[in-house]
Amino acid sequence: MAESSSPARQLTITRPDDWHIHLRDEDYLPACVADASRYFGRLIVMPNLVPPVTDAEAAKAYRQRILACARPGPFNEEGQDSFEPLMTLYITPETNATTVSEACRSGIVHAFKLYPAGATTNSAAGVDQIESLYPLFEAMQDQGMPLSIHGEVTDPTTDIFDREALFIEQQLSPICEKFPELKVILEHITTSDAVDFVNSASSNVAATITVHHLMYNRNDLLSGGIRPIYYCLPVLKRNTHQQALISAATSGSNKFFLGTDSAPHPKTAKENACGCAAGCYSAHAAIELYAEAFAQENALDKLEGFASFHGADFYGLARNKDTITLIEEPWEVPQTQPFGNDQLIPLRAGTTVNWRVAASNSLIGEKF
Ligand code: NCD
Ligand code: ZN
Numbered sequence: 036m037a038e039s040s041s042p043a044r045q046l047t048i049t050r051p052d053d054w055h056i057h058l059r060d061e062d063y064l065p066a067c068v069a070d071a072s073r074y075f076g077r078l079i080v081m082p083n084l085v086p087p088v089t090d091a092e093a094a095k096a097y098r099q100r101i102l103a104c105a106r107p108g109p110f111n112e113e114g115q116d117s118f119e120p121l122m123t124l125y126i127t128p129e130t131n132a133t134t135v136s137e138a139c140r141s142g143i144v145h146a147f148k149l150y151p152a153g154a155t156t157n158s159a160a161g162v163d164q165i166e167s168l169y170p171l172f173e174a175m176q177d178q179g180m181p182l183s184i185h186g187e188v189t190d191p192t193t194d195i196f197d198r199e200a201l202f203i204e205q206q207l208s209p210i211c212e213k214f215p216e217l218k219v220i221l222e223h224i225t226t227s228d229a230v231d232f233v234n235s236a237s238s239n240v241a242a243t244i245t246v247h248h249l250m251y252n253r254n255d256l257l258s259g260g261i262r263p264i265y266y267c268l269p270v271l272k273r274n275t276h277q278q279a280l281i282s283a284a285t286s287g288s289n290k291f292f293l294g295t296d297s298a299p300h301p302k303t304a305k306e307n308a309c310g311c312a313a314g315c316y317s318a319h320a321a322i323e324l325y326a327e328a329f330a331q332e333n334a335l336d337k338l339e340g341f342a343s344f345h346g347a348d349f350y351g352l353a354r355n356k357d358t359i360t361l362i363e364e365p366w367e368v369p370q371t372q373p374f375g376n377d378q379l380i381p382l383r384a385g386t387t388v389n390w391r392v393a394a395s396n397s398l399i400g401e402k403f
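Structure representation (C-alpha cells):
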C-alpha cells in the first residue's frame, strides 16, 4: 500500500510590510534591498547612516538610492510598484519644528527616530537630554508625525539587561503622558515590561517585534560560548521575556507588528574580539522565519494581522492588496552571503528553515 503523506501546509496572506529595517548604503545597499524587497511591500527604513539622515532632502536622496537597487514589481491594482521605502529622519539636538513641517510636506517621511546617544550602532549623533525634545514632540504631535523609539537608557552604570525597562519607566511613560496624541512606536521590544506597557497604553502606542527576539533568548547568545550572530540591541533577554514577546506577537492585538530590525554587519565586524557589532541579519528569510515562529505556536492564523495589517493601520496607510503564499517546505540557509566586498553571516546560517514563499501573487505583473 502506498504511504499516504499529508500535503504540505500552505498559507496565503496579504503582502506583508517590514516596519523597521536597516538597509545601509553604498556597497552594502544592493544586497539589503534585494533581500528586503523579495516579499515585503513597504519598509520603514532606519536613518542611522554615517552621517545620519536628518532632513527631508537627505531622505529623498537616500530613497532614490534605494529605489535604484530595487527590482521592478510586484505591481498593485493601480499598476504601481508595491515596493515602497518609507523614510525616517534621525532626531538630533538640532531637529526642530521646521524639520517636521518640511518632512510632512515631502510626503516621503513617515516617522522620526529617537536614538538615545550611544544606545546602539551609529547613535553617537543621538540625544542626551530627552526632555529637551519636548517642543519637537509637540510639533510632531500637532502635525501627525509618528515617533519611533529605540527604548534603552544609556547610563553606562545601568545593567544592560535592565536598560529597556528603565527607559520605559523614566522616559517613555512621561512622553506618552505629556503627548497623548503623539503616535509612538517602541521598536524591537525585548521584555515583558515593554509588552505590559504597550498593552496598557493608549491606541497611539504600539511596538514592533523582531523575529530574532521571538526565536532566541540570552542563553542562545551566551551559553556554551558567546555567539556574535545573536548579539543585537536591545540585547536578548531571559526566556520568560521571550515567551511574553511570543504571546504578544501571536495574540492578535493590533498594537504589535512586524519589524525585523534586520541590521547587517560584515562577518569581520561581528567576530571581533574588540567589540562585536550589534545587529542580526534576517532579511534573507524574514517572513519565512516569522511563519516558522507562528507555526510553532499554532498561531498561523494570527500571522497576517501581525505582518500585513497592524502596522499599516497604525501608520494610517492602506493595507496591501496583493498576496503571498507560504508553504511548509524545508530549505537550507547558506553559511555566508556576499555583502558588498565583504561577507555576512545570515541568521540561521547553515540550518533548515521550514517555510518558504511559494508564490508572490501580484495583481498585475509577475515579480519573478
Ligand atoms: C542596529 C544597527 O546595526 O543599525 N543594531 C541592532 O543591534 N539592532 C541599530 C539598532 O536598531 O539598534
Ligand atoms: Zn534598528
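Taking our numbering, I'd label the letters of the sequence shown as residues 36 to 403.
For each residue, glycine too, the CB sits at the ideal point set by N, CA and C.
Original post:
So Lys218 packs on Leu182, CB below 8 Å; how close in whole Å?
Top reply: 7 Å
Check your understanding: So what's Thr133 in DSSP terms, helix, strand or just coil?
Key -> helix
For the ligand ZN, I want to know if Asp52 counts as a neighbour, meaning its beta carbon is within less than 7 Å of at least one of the ligand's heavy atoms.
no
Less than 7 Å between the CB of His185 and some heavy atom of the ligand NCD, yes or no? yes
Point to revise | Residue closest to Gln45, alpha-carbon to alpha-carbon, out of Glu367, Ile165, Ile359 | key: Ile359
For His319, collect the residues of the same chain with a Cβ closer than 6 Å to its Cβ; drop the 5 residues on either side in sequence, then sort them by chain order.
Asp70, Pro381
Handout entry: Contacting residues, own chain, Cβ-Cβ under 6 Å from Ala105 (five flanking each side not counted)
Key = Val68, Ser72, Phe118
DSSP three-state label for Lys305, please. helix
* Do Ala321 and Ala312 have their CB atoms nearer than 8 Å? -> no
Item checked: Length-filtered (4 minimum) alpha helix (DSSP H) runs lying within the stretch 188-237 -> If we require 4 residues or more, the alpha helix (DSSP H) runs fully inside the stretch 188-237 come out as 198-202, 208-213, 227-235.
Check your understanding: Taking contact to mean at least 3 C-beta pairs separated by less than 8 Å, is the stretch 75-91 in contact with the stretch 163-175?
Key -> Three or more beta-carbon pairs separated by less than 8 Å are not found between the stretch 75-91 and the stretch 163-175, which leaves the two stretches without contact.
The ligand ZN heavy atoms versus the CB of His276: any closer than 7 Å?
No - the ligand ZN has no heavy atom lying nearer than 7 Å to the Cβ of His276.
The ligand ZN heavy atom lying under 7 Å from the CB of Met81
Yes.
Per-residue burial, Asp53 [other beta carbons within 10 Å of its own, 16 or more giving buried]:
Buried.
Which residues in the same chain as Thr275 place their Cβ atom closer than 8 Å to its Cβ, once the five residues preceding and following it in sequence are excluded? Ser227
Since Arg391 is in the beta strand (DSSP E), which residue starts that stretch and which ends it?
-> 391-396
*Take Thr285 as the anchor and find which of Asp177, Ala330, Ile261 has the nearest alpha-carbon.*
Ala330
Could you compute how far the alpha carbon of Thr386 sits from the alpha carbon of Arg98? 34 Å
On the DSSP letters alone, give me the boundaries of the alpha helix (DSSP H) that Ile101 sits inside. 91-104
*Could you tell me if Gln176 is buried or exposed, where buried requires 16 or more neighbouring beta carbons within 10 angstroms of its beta carbon?*
buried
For Gln176, list the residues DSSP reports as bridge partners. In the DSSP output, where bridge partners are listed per residue, Gln176 has none listed.
* Asked: In angstroms, rounded to a whole number, what distance separates the CA positions of Phe403 and Leu58?
  -> Low local confidence applies: a pLDDT of 41 at Phe403 is under 50, so the model's placement there is unreliable, and no value is given.
- prompt: Taking the continuous beta strand (DSSP E) assigned at Thr360, which residues delimit it?
  reply: 358-362
- Using DSSP bridges, identify the partner residues of Phe147. Leu124, Leu182
- Item | For Thr386, the three-state DSSP class (helix, strand or coil) | coil
| Per-residue burial, Ile261 [other beta carbons within 10 Å of its own, 16 or more giving buried] | Exposed is the call here.
Discussion item. Please report the straight-line C-alpha distance between Asn389 and Ala241, rounded to a whole angstrom.
Written reply: Between the alpha carbons of Asn389 and Ala241 lies a distance of about 29 Å.
Going by DSSP, what residue range makes up the alpha helix (DSSP H) through Thr275? 274-284
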